[in-house]
Structures are given as structure tokens and as C-alpha cells.
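Working notes, beginning with the structure itself.
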């Protein structure tokens, strides 16, 4: 009991110490507060452009810019350090700085879900029944991975036609399994009416 209590106290002190260290402001020799590095921009499979790639005064910013978007949307991905994750656990907040240069502020959107801003995969048209079925199944699992059961349900309702063949196959498999189970469980009952009794004198 005391060992468990001591472990909890040590763990709590460690978390508190890590929080104090990661949230302490950085000060230079002139006692001026130095801004931290902030979140780190990371590359992702769908990115097609890198800003400030050859500018040493800036950090490279990989992103995805759709050529067909009329609004010039730019999607970027950011990663947190362990200390930053710990801060979010305690505060639940993210601060954002934007240089407007006294121009009208552009709309901003922050999210932790990739599917909110970017479709996980591009669905290419497939030829053939089984290829279309496999593409539909693969797409559903991607949506489940990135967006959870809610988006799975929404996508299912948006594209009901894709689910009809899959539903038919699952129904057929269930009926076959049920028939096999009934036949294996009651073989004598299933054979009634198919065999003739031996004639008796």
C-alpha cells in the first residue's frame, strides 16, 4: 500500500516538475523574454509545396495547396514535442500568432483531425465488380482510421450505392453460415424427408 502511494507521489512530482520546466519562460542576457520555437511543421504524404525552402532566416513549411481551389487553401501539419503535449494536457489551449501587416485577417481553422481538412486518399475509378468492391472496403477502413465511427457513418449515408453490394455479400455469408450451423447441429432433423425407411415385414 505504501509502495503504491509512494509511486503515485513520485509520479505526480515528476509530472509537476516537467510542467514547470516546460512552461518556464526563456530569458536572454538582457533579461528579455525569448519566444520559443513553437510547433514544428512536418511533411506529410499529400504535401506538394514547400515554402521558404531556400531561405535560412525561415524554417521550411511543407504543405498541400490545391490547384483547383478558388480560395487558395493551404493545408499544413504540425507536430508537438513531449513538453508541448504535457502543456496541452494541463491547459487544453493552443496559442496562435498571425502577422497581418495591418491587412484584413484571413479565415483560420485549427483541428486535430486530418479528415477535417484533407481527404485521406484519392478514390480512383475502378473497373470490374471485385475491384470496385475492394476499393470501397479499403476506403471505409481509411475513413475509420482517420475519422472514427462518426465519419464512417456519414460516408456510408453519402454513398449508399457503394454499400449495397457489400451488404449483399455479408448477408449471403451470414445465411450460408447459419445454414451450415443448423445442418451441423441437427443432422438427424435435417435428413428427415430425404431418406426412406427400410421396409418391414
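Residue numbers (my numbering): 1 to 201. Here a beta-carbon is modelled for each residue, glycine too, at the ideal position from N, C-alpha and C.
Does DSSP put residue i in a helix, in a strand, or in coil?
| i | result |
| --- | --- |
| residue 177 | helix |
| residue 114 | helix |
| residue 101 | coil |
| residue 95 | coil |
| residue 109 | coil |
| residue 72 | coil |
| residue 88 | helix |
| residue 9 | helix |
| residue 201 | The predicted position of residue 201 is uncertain, since its pLDDT is 44 and thus under 50; a value taken from the coordinates is nonetheless stated next. Residue 201 falls in the coil class under three-state DSSP. |
Tell me, please, which residues DSSP counts as bridged to residue i.
| i | result |
| --- | --- |
| residue 78 | 41 |
| residue 51 | 61 |
Can you find the residues in the same chain that come closer than 7 Å, C-beta to C-beta, to residue i, ignoring five residues on each side of it along the sequence?
| i | result |
| --- | --- |
| residue 64 | 46, 47, 48, 75 and 118 |
| residue 97 | none |
So the beta strand (DSSP E) residue i belongs to, where does it begin and stop?
| i | result |
| --- | --- |
| residue 63 | 61 to 65 |
Spatial neighbours of residue i within its chain, please: C-beta separation below 6 Å, excluding the five flanking residues on both sides.
| i | result |
| --- | --- |
| residue 11 | none |
| residue 107 | none |
| residue 69 | none |
| residue 43 | 62 |
| residue 51 | 61 |
| residue 38 | none |
| residue 40 | 79 |
For residue i, which residues from the same chain have a beta carbon less than 8 Å from its beta carbon, with the 5 sequence-adjacent residues on both sides left out?
| i | result |
| --- | --- |
| residue 88 | 80 and 94 |
| residue 72 | 65 |
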